[in-house]
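**Student:** Here it is, the structure, as structure tokens.
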Amino acid sequence: MDSKEETLKIPTHVGLIMDGNGRWANAQGLPRLAGHRAGVENLRGVITAGIKFGIKYLSFYAFSTENWNRPKDEVFGIMDLLSEFIDRETVPLHEEGVRILHIGHLDRLRPSLVDKIEYAVNLTKNNRKITVQLAFNYGGRDEIVSAVRKIISSGARPDEVTEALIGRNLFTAGIPDPDLIIRTSGEMRTSNFLMWQSAYSEWVFPTTYWPDFNEEVFKEMLREYSRRDRRFGGLSSK
Ligand code: IPE
Ligand code: IPE
Ligand code: MG
């Protein structure tokens, strides 16, 4: 065990698709919102684990542009839970050196939630121990559409449109691409998360439901990542 831990490769940026809250709740006869509550309560511990592992960027997929299709009660319940999380955790996270960023569109969110997100982002903007991106009302295709709109309205010529220019117009401008993406609950699809940025990410799919995802499962995923041979279209360096 110890020798394995010594050879663990630590990714710079890990994306987490926090899936399985509903099934977690269902498995114990609880309403879906109880699963979302447990899921939000799990965030803090996973951030702490990320800091301990030496990861510099964590991106959490909390609410997709498609999640508006869920029943109103569930959507509003999730919004309330995020509001509570920001109220409770912004100052403690700030004191731990966490920079909080938001990716996605703020426009469909209620003004009080927008204020809270902006407050958290502003308060923590100079922190560098770890950067936590909260993907909330985020969709990868929506992000690319927004980038294209910004580029067109800037008056760029076709030959000026490069991968770098597109990257600079995404919500994630200035943030390195994710090395590893973890989707919990056993579902094996991207569901519109970081579409552009994940072109060469390694993906892992633990069967654990998000509320049960912890440091131990996280470490197992880092072991799996460490065994992967990332070639980026070239040849193996081994
Ligand atoms: C993930 O859990 C949280 C959100 C998508 C907001 P789900 O709510 O998708 O849980 P399952 O997939 O129904 O178990
Ligand atoms: C993806 O999970 C979005 C988040 C975890 C926020 P979903 O549960 O919404 O994805 P699908 O519908 O199963 O693809
Ligand atoms: Mg789901």
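One point on numbering: in numbering that gives the first Met the number 0, the residue at position 123 of the sequence shown is 122, and numbering is uninterrupted.
Just so it is clear, CB atoms sit at the ideal spot from N, CA and C, and this is done for glycine as well.
Quick caveat, the model's predicted, so the values are computed rather than measured.
1. Note down, in chain order, each residue of its chain lying with its Cβ closer than 8 Å to the Cβ of Y224, except the 5 sequence neighbours on either side.
2. With distances taken from CA atoms, which of P110, I99, F135, L105 is nearest G120?
3. When the distance is taken between beta carbons, is I16 closer than 8 Å to Y56?
4. What does the alpha-carbon distance come out to for the pair R230 and N125?
5. Cα-Cα, which of E94, I102, D86 is closest to K115?
6. Which class does E201 belong to by DSSP, given the choice of helix, strand or coil?
7. So, at 7 Å on beta carbons, what are the nonlocal neighbours of A33 in its own chain, with the 5 sequence-adjacent residues on each side left out?
8. Looking at the secondary structure, which residues open and close the beta strand (DSSP E) in which T130 lies?
9. Measuring only the C-alpha atoms, how far is A239 from T6?
10. Restricting to Cα atoms, I'd like to know which of G96, I143, E214 is closest to N168.
11. Apart from the five residues just before and just after S145, which ones in its own chain have a Cβ nearer than 7 Å to its Cβ?
12. Quick test of your reading: D241 and H12, contact by CB under 8 Å. State the CB separation rounded to the nearest angstrom.
13. Between L122, E65, T183, which has its C-alpha nearest G38's C-alpha?
14. Where does the unbroken alpha helix (DSSP H) through R36 begin, and where does it stop?
15. When the Cα of L195 is compared with those of G138, D79, L234, which residue comes out closest?
16. Buried or exposed, going by whether 16 or more other CB atoms sit within 10 Å of the CB of Q132?
**Tutor:** Taking the structure as given:
1. To locate residue 224, count along the sequence shown from 1; it is residue 225. Answer for Y224: K8, P10, D178, L179, E201, V203, listed in chain order.
2. Here residue 120 refers to the residue found at position 121 of the sequence shown. Before going on, a small fix: residue 120 reads as Val here, not Gly. Of the listed residues, the one whose Cα sits closest to V120 is I99.
3. Counting from one through the sequence shown, the residue named residue 56 turns up at place 57. Counting from one through the sequence shown, the residue named residue 16 turns up at place 17. Cβ distance not < 8 Å, so Y56 and I16 don't count as in contact.
4. Numbered from 1 along the sequence shown, position 231 holds the residue referred to as residue 230. Numbered from 1 along the sequence shown, position 126 holds the residue referred to as residue 125. Distance between the alpha carbons of R230 and N125 is about 34 Å.
5. Working through the sequence shown from its first residue, we reach residue 115 at position 116. When only C-alpha atoms are compared, the closest one is D86.
6. The count along the sequence shown starts at 1 and reaches residue 201 at position 202. In the structure shown, E201 sits in a strand (DSSP, three-state: E or B).
7. Here the question's residue 33 lines up with position 34 in the sequence shown. So the qualifying residues of the chain are A24.
8. In the sequence shown, residue 130 corresponds to position 131, counting from 1. 129-137 is the span of the beta strand (DSSP E), which, as asked, contains T130.
9. The structure shown does not extend to residue 239, since the chain is modelled only from 0 through 237, so no value can be given for it.
10. Here residue 168 refers to the residue found at position 169 of the sequence shown. That would be I143, whose Cα lies nearest to the Cα of N168.
11. Working through the sequence shown from its first residue, we reach residue 145 at position 146. Taken in chain order, the list of residues that qualify is empty.
12. What is shown of the chain runs 0 to 237, which leaves residue 241 out entirely.
13. Position 39 of the sequence shown, counted from the start, is the residue given in the question as residue 38. Of L122, E65, T183, the residue nearest in Cα terms is T183.
14. For the purposes of this step, residue 36 is identified with residue 37 of the sequence shown, where counting begins at 1. 31-52 is the extent of the alpha helix (DSSP H) around R36.
15. Residue mapping note: residue 195 aligns to position 196 of the sequence shown, counting from 1. The sequence given here places Trp at residue 195; Leu does not occur at that position. Nearest option by C-alpha distance: G138.
16. On the sequence shown, residue 132 is found 133 positions in, with the first residue counted as 1. Classification of Q132: buried, given that the 10 Å Cβ count is 16 or more.
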